[in-house]
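A.B. asks: Residue numbers (the UniProt record's numbering), protein chains in the order written: chain H, 1 to 229; chain E, 1 to 229. Glycine residues also receive a C-beta, built at the ideal position from the N, C-alpha and C atoms. Quick one: the structure is below, questions incoming.
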DNA sequence: CCAAAAGTGTTTTGTGTACACCCATGT
DNA sequence: ACATGGGTGTACACAAAACACTTTTGG
């Protein structure tokens, strides 16, 4: 009877999450201030250890929920980090995930409980272990993914203006985009619904609100459409 | 004193490798026939368990060397697979890697020792566990990567003809390409050296051999060049 | 002389990029 | 009336795609 690979080494497996948000101006990441050793008081990604009865996705979901109070967050597995001494306490392999949340939805109590704070990705402090490397990896992946999949909307409220969407892409890609070209491109994709409502907070004229039409997008994909910005 | 995360679960961490080769006609993968339980006699990816003193890359290199006898194989980490029951023997997380080798270089003895065989990716047998999923993942990544990095050459001998290179891209992308457009594109990249030698095996006229000029490519990249096919 | 693969340019089409003015409104 | 951001279309440049004939040479 074969019921274990008993002579093989077992290791600790951690999951660390790069949580992205967008405040209408800058791309941000949510970091926590460690209140435990090692590196107590330093900034870090939110993480945790994989449990025996969880998948990596389960674990990432649990960790994300713990810090934000939100379920069903958009997330994607990034990469496995395995340098021998990456965690000075004990050999730990970490699988990094990145997640996209609507920054308005986070739970203040939890943010306080974990001494968490949103940082502009360009002004984030140095992080513990190899977490900076994880963040860089996440940004690269985010740039690629948002250019080829309509996931940017995860960072916005359900209703948003064209200007917000453009600012979002500018923040992610870290480059300025031409307003007319951007709008033409988005409109040619034909996956947004223009609402009758206007957002009046940003100008006297007001700007129309849009909504991402997921059903329409899914149908177009079935017919061979590929999102590309 | 803090020297272990003692109450956390530890898990077995496997590394499984999708090994690609190219025989001038088709994209192939190297599979082994398991001579151990579970699933003895079934086809599988080559794999192994991560050891305490190895990184994931180390582990993948070791596994690749074990089967092929080759060192310094081009490889890239793909994804972590973690379904609870993916391995019926014991909870095992597997990190998949894909690797590219020149199919001529493999070691016959080792191939025999592990009952390995090259399969056309389109005609591969059903594999154990979630290995089919890993292979699909690897093919998608390979398509993306070969379109954006000059790694296809890893699958060819050092000297190769334009026809071989085109066939390689056709096999990877699983679509036919126009001969003139392909050659024009490759030439415009200006990263190959045309040799004086001809390959006389494929036609009476013979076709010129080329070599990838890595130094030239690296210099061009420094100057902002980006490979794109 | 013929079969088989190698080699070679031009035209058309589509996509990306650059660019400037009027509109609506609250104060 | 004016300041502020919102909204709109066209021309040009470049890259991708379509496309067919000539060359070489061993048998």
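How about residue 142 of chain H: is its C-beta nearer than 9 Å to some C-beta of chain E?
C.D. replies: By this cut-off, residue 142 of chain H is not an interface position.
A.B. asks: Buried or exposed, going by whether 16 or more other CB atoms sit within 10 Å of the CB of residue 293 of chain H?
C.D. replies: Only positions 1 to 229 of chain H appear in the structure, and residue 293 of chain H is not among them; the question remains open.
A.B. asks: Looking only at its own chain, which residues have a Cβ that is under 8 Å from the Cβ of residue 110 of chain H, when we skip the five neighbours before and after it?
C.D. replies: 66, 67, 68, 69 and 116
A.B. asks: In chain E, which residues lie with their C-beta within 9 Å of the C-beta of residue 56 of chain H?
C.D. replies: 80, 81, 82 and 93
A.B. asks: Candidates E/27, E/146 and E/43: which alpha carbon is nearest residue 33 of chain E's?
C.D. replies: E/43
A.B. asks: Which of the three DSSP states, helix, strand or coil, is assigned to residue 72 of chain E?
C.D. replies: coil
A.B. asks: Pull the bridge partners of residue 178 of chain E from the DSSP assignment, please.
C.D. replies: DSSP output for residue 178 of chain E lists no bridge partner at all.
A.B. asks: Name the DSSP bridge partner or partners of residue 21 of chain H?
C.D. replies: H/28
A.B. asks: Quick one: grab the DSSP three-state call for residue 200 of chain E.
C.D. replies: coil
A.B. asks: Could you tell me which chain H residues have their CB closer than 8 Å to the CB of residue 239 of chain E, listed as they occur along the chain?
C.D. replies: Since the first residue of chain E shown is 1 and the last is 229, residue 239 of chain E is not available in this structure.
A.B. asks: Taking all protein chains shown into account, do 16 or more other C-beta atoms lie within 10 angstroms of the C-beta of residue 214 of chain H, making it buried, or fewer, making it exposed?
C.D. replies: exposed
A.B. asks: I want to verify the contact list: residues of chain H whose CB lies under 8 Å from the CB of residue 90 of chain E, in sequence order.
C.D. replies: 3, 4 and 5
A.B. asks: Run through chain H and tell me which residues come within less than 8 Å of residue 52 of chain E, C-beta to C-beta.
C.D. replies: 9, 11 and 91
A.B. asks: Among H/195, H/216, H/194 and H/168, which one has its Cα closest to the Cα of residue 264 of chain H?
C.D. replies: Only positions 1 to 229 of chain H appear in the structure, and residue 264 of chain H is not among them; the question remains open.
A.B. asks: So is the beta-carbon of residue 226 of chain H under 8 Å away from any non-hydrogen atom of the ligand PLP?
C.D. replies: Although the ligand PLP was asked about, the structure shown includes no ligands whatsoever.
A.B. asks: Any contact of the segment 139-149 of chain H with the segment 57-64 of chain H, i.e. 3+ C-beta pairs under 8 Å?
C.D. replies: no
A.B. asks: Tell me, please, whether the segment 86-98 of chain E touches the segment 120-136 of chain E by the rule of three or more beta-carbon pairs shorter than 8 Å.
C.D. replies: Output reads yes: the segment 120-136 of chain E touches the segment 86-98 of chain E.
A.B. asks: From H/224, H/98, H/205 and H/199, pick the residue whose C-alpha is nearest to that of residue 144 of chain H; which is it?
C.D. replies: H/98
A.B. asks: Helix, strand or coil: how does DSSP classify residue 107 of chain E here?
C.D. replies: Coil at residue 107 of chain E, not helix or strand.
A.B. asks: If we count Cβ pairs, one from each stretch, closer than 8 Å, do we get three or more for the segment 75-89 of chain E versus the segment 73-81 of chain H?
C.D. replies: yes
A.B. asks: What separation, rounded to the nearest whole angstrom, lies between the Cα atoms of residue 217 of chain H and residue 191 of chain H?
C.D. replies: 6 Å
A.B. asks: Within the 9 Å Cβ cut-off, does residue 49 of chain H reach chain E?
C.D. replies: yes
A.B. asks: Count the other CB atoms within 10 Å of the CB of residue 28 of chain H; is the residue buried (16 or more) or exposed (fewer)?
C.D. replies: Buried, because 16 or more other Cβ atoms sit within 10 Å of the Cβ of residue 28 of chain H.
A.B. asks: By how many angstroms is the C-alpha of residue 64 of chain H removed from the C-alpha of residue 159 of chain E?
C.D. replies: 50 Å
A.B. asks: Closer than 8 Å by beta-carbon distance: list the chain E residues that pair up with residue 77 of chain H, in chain order.
C.D. replies: The contact set of residue 77 of chain H on chain E, defined by CB atoms closer than 8 Å, consists of 79 and 80 in chain order.
A.B. asks: What residues are listed by DSSP as bridge partners for residue 48 of chain E?
C.D. replies: Residue 48 of chain E is bridged by DSSP to E/15.
A.B. asks: Determine, using beta carbons only, whether residue 102 of chain E and residue 45 of chain E come nearer to each other than 9 Å.
C.D. replies: no
A.B. asks: To the nearest angstrom, how far is the alpha carbon of residue 209 of chain H from that of residue 153 of chain H?
C.D. replies: 13 Å
A.B. asks: Please report the Cβ distance between residue 164 of chain H and residue 24 of chain H, rounded to the nearest whole angstrom; I am assuming they are in contact, meaning their Cβ atoms lie under 8 Å.
C.D. replies: 6 Å
A.B. asks: Give me, in chain order, the residues of the same chain whose beta-carbon lies closer than 6 Å to that of residue 182 of chain E; leave out the 5 immediate sequence neighbours on both sides.
C.D. replies: 166
A.B. asks: Can the beta-carbon of residue 203 of chain H be found less than 9 Å from the beta-carbon of residue 173 of chain H?
C.D. replies: no
A.B. asks: So which of E/222, E/193, E/226 and E/151 has the shortest CA-CA distance to residue 162 of chain E?
C.D. replies: Of the listed residues, the one whose Cα sits closest to residue 162 of chain E is E/193.
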